[in-house]
Every structure is written in structure tokens, then in C-alpha cells.
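> Sharing a structure, written as C-alpha cells. Questions coming.
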Amino acid sequence: MSAHSHAHDDHHGDGASHGSFNSYMIGFVLSVILTAIPFWLVMDGVLDSKVATAMWIMGLGVIQIVVHMVCFLHMNTKSEGGWNMLALIFTLVIVAIAIAGSLWVMYHLNTNMMPQMDHEMIKSFG
Numbered sequence: 005m006s007a008h009s010h011a012h013d014d015h016h017g018d019g020a021s022h023g024s025f026n027s028y029m030i031g032f033v034l035s036v037i038l039t040a041i042p043f044w045l046v047m048d049g050v051l052d053s054k055v056a057t058a059m060w061i062m063g064l065g066v067i068q069i070v071v072h073m074v075c076f077l078h079m080n081t082k083s084e085g086g087w088n089m090l091a092l093i094f095t096l097v098i099v100a101i102a103i104a105g106s107l108w109v110m111y112h113l114n115t116n117m118m119p120q121m122d123h124e125m126i127k128s129f130g
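When you number the sequence shown by the numbering used here, it's gap-free, plus one each residue, and the end is 130.
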């Protein structure tokens, strides 16, 4: 056995899970279902409220992210001595800050930059 193949075997013998066919198939099926449900909600107009539909879509999106992380990225509290989970938490905090900041900026731009229907403006046109 060459030194390269021996080193390769040692790397894969560290107990890290690389997934099985069943875990990939479960992840694939769940991903397809979690993608089809939002399409169904929108295309058939299942919910009367657009806000409720958007909330359901976002919730299913978050569930799909978790499915991808567990089934395809094999992230759990044991992998890499817990550093993967710490990196995930840090990433989620940064993403939450970016999304909240973007929504805040867009809301205030919409509120402050839209033309106001002032009575004086209406009088000047009339």
C-alpha cells in the first residue's frame, strides 16, 4: 500500500459520516416535497391571505435548509468536534442581521421616498 492511499484511508477513518444512499434519498424526497408545497400554495391560491402564504413559504424554506444541512452536508453537533455547529450558528446570526437590515432599509425607503398625496399638491393641480 502506498503512502498516499494509506493517508487517504486514515482521513476517512476519522468516524465522520459521509452519508448513505438512504440518507441521500430521504433528503431528496423531502426536498422535492418541500419545494412542491409552496408551488401548490401559490398556483392554486390555497390560502386567502398573501401574508399567510408568504409565511408558509418562508417556514418551509427554513425547514428545507435544515433538511439540506442534515441530509446532504451531514452537519450535527458531533462533526468536527462541534465547530461545524458553531460556524452554523455564527452564519445564521450574520444572515439574520443582513435580512433584518435589508428589510428595515427597504421599508424606510418605501415609506420616506414615495410621493405623499398632500392636500396642497392636489389643490395646485386643481
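Idealized CB from N, CA, C, for every residue including glycine.
Nothing here was measured: the structure is a model prediction, and the numbers come from that model.
Is the segment 30 to 40 close to the segment 53 to 63, with three or more CB pairs under 8 Å?
With the cut-off at 8 Å, the segment 30 to 40 and the segment 53 to 63 do not touch.
> Compute the Euclidean distance between the alpha carbons of residue 112 and residue 105, then round it to the nearest angstrom.
Straight-line Cα distance between these residues: approximately 11 Å.
> Would you kindly report the start and end of the unbroken alpha helix (DSSP H) that includes residue 53?
Note, residue 53: premise wrong, no alpha helix (DSSP H); not H, not E.
> Please name the residue in 53, 87, 72, 47 whose C-alpha comes closest to that of residue 28.
Residue 28 has its Cα closest to that of 72, out of 53, 87, 72, 47.
> Under the rule that 16 or more other beta-carbon atoms within 10 Å means buried, what is residue 107, buried or exposed?
Answer is exposed; the Cβ neighbour count stays below 16.
> So, at 7 Å on beta carbons, what are the nonlocal neighbours of residue 41 in its own chain, with the 5 sequence-adjacent residues on each side left out?
Correct list, in chain order: 64.
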